[in-house]
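The numbering of the sequence shown is our numbering, which starts it at 422 and goes up by one.
Worksheet: one structure, shown below.
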Amino acid sequence: MELLFISIEAINLYNLDDNSKNQINFINRLNHIFLIRCGNLTKHPKVYTLHNFNESIQLINCIHNLMCDYKIQKNINEMFNTIYKNQKSSKIKQYLNRFKYIYYKIQNYYNIISETYYDDKYITEIALLNLYIMYISSNKDGIYFLIKYLKLSSHI
Numbered sequence: 422m423e424l425l426f427i428s429i430e431a432i433n434l435y436n437l438d439d440n441s442k443n444q445i446n447f448i449n450r451l452n453h454i455f456l457i458r459c460g461n462l463t464k465h466p467k468v469y470t471l472h473n474f475n476e477s478i479q480l481i482n483c484i485h486n487l488m489c490d491y492k493i494q495k496n497i498n499e500m501f502n503t504i505y506k507n508q509k510s511s512k513i514k515q516y517l518n519r520f521k522y523i524y525y526k527i528q529n530y531y532n533i534i535s536e537t538y539y540d541d542k543y544i545t546e547i548a549l550l551n552l553y554i555m556y557i558s559s560n561k562d563g564i565y566f567l568i569k570y571l572k573l574s575s576h577i
C-alpha cells in the first residue's frame with residue numbers, strides 16, 4: 422500500500438500548479454493520506470494487522486478516489502501512450518526519478534532493517550506496475566481490482 426502512496430505522490434507533482442476547485446478537495450485527500458503515513462500506519466510490513474476494518478475501508482476508498490482523479494488518469498494515459506509508441510518521454514523519466522527519490526527517502530530505512538531490499542531495476546518495475554494498477558483501478562470495477570491487489574500484496 423505504501424508503494425501506491427509513493428506513486429500517487431510522484432505523479433501528483435504534475436498537478437501542483439493547478440488552482441481549480443477540485444484541486445482543493447484533492448489536496449485535502451492528500452493531506453489525509455500524509456497524516457496516515459506520518460502516523461506510521463502503513464510503513465511496517467506487518468502493520469495491516471493493526472488496522473481495523475473501518476480504517477482499512479476508508480483508506481482504500483481514499484486511495485481509489487485519488488487514483489481516479491482526472492488529471493492523474495490523464496498523466497497516466499499520456500505515459501502509456503508514449504510507452505506504446507516506443508518513444509522517450511521526459512514525463513516518464515521524471516515520474517520514475519520522483520518515485521525513486523521518494524522511495525529511498527521514505528522507505529529505505531525500513532528496508533535496511535527488514536529482510537527486504539530492492540535495487541533500482543526492481544523499483545522501476547514497481548513504479549511502472551503501480552501506474553498500471555492506478556490505470557486499471559479507475560475503471561468501473563477498479564475498486565475490486567484494487568482490493569484484490571492490496572490483499573495479494575499484503576501476503577508477499
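For every residue, glycine included, the Cβ atom is placed at its ideal position computed from N, Cα and C.
| field | Helix, strand or coil at M555 [DSSP, three-state] | value | In this structure, M555 counts as helix in the three-state DSSP scheme.
| query | In this structure, does DSSP put T511 in helix, strand or coil? | reply | The amino acid at residue 511 is misidentified as Thr; the sequence shows Ser. Helix at S511.
| Does at least one heavy atom of the ligand COA sit under 7 angstroms from the Cβ of Q479? | Within the structure as shown, the ligand COA is missing, as the structure has no ligands at all.
| Simplified DSSP assignment, three categories, for C483 | In the displayed model, C483 falls within a helix according to three-state DSSP.
| query | Since K512 and D541 are thought to touch, with beta carbons under 8 angstroms apart, how far apart are those beta carbons, to the nearest angstrom? | reply | For K512 against D541, the beta-carbon gap comes to about 19 angstroms, at or over 8 angstroms, which does not count as contact.
| request: With a cut-off of 8 angstroms on the beta carbons, I'd call I527 and I427 a contact; round off their distance for me. | output: With 8 angstroms as the limit, I527 and I427 qualify as a contact, their Cβ atoms being about 7 angstroms apart.
| request: Using alpha carbons as the reference points, say which of T503, M422, E476, N482 lies closest to S559. | output: Minimum Cα distance to S559 is reached at N482.
| request: Can you grab the Cα-Cα spacing for the pair Y570 / M500, in whole Å? | output: Whole-angstrom Cα-Cα distance: 22 angstroms.
| message | Quick check on DSSP: helix, strand or coil for K492? | response | Here K492 sits in helix by DSSP.
| Taking the C-alpha atoms as reference points, what is the distance between Y505 and L552? | If you take the alpha carbons of Y505 and L552, they lie about 14 angstroms apart.
| Spatially closest choice to R519 from I547, N507, K572, by CA coordinates | Closest option to R519, Cα to Cα, is I547.
| request: Starting from the C-beta of F566, find all residues in its chain whose C-beta is less than 7 angstroms away, skip the five residues before and the five after it, and write them out in chain order. | output: Within the same chain, I557, S558 come within 7 angstroms of F566 by CB-CB distance, once the 5 residues on both sides are set aside.
| request: Using a Cβ-Cβ cut-off of 8 angstroms, state whether N507 counts as contacting chain B. | output: No chain B is present in this structure, which holds just one protein chain.
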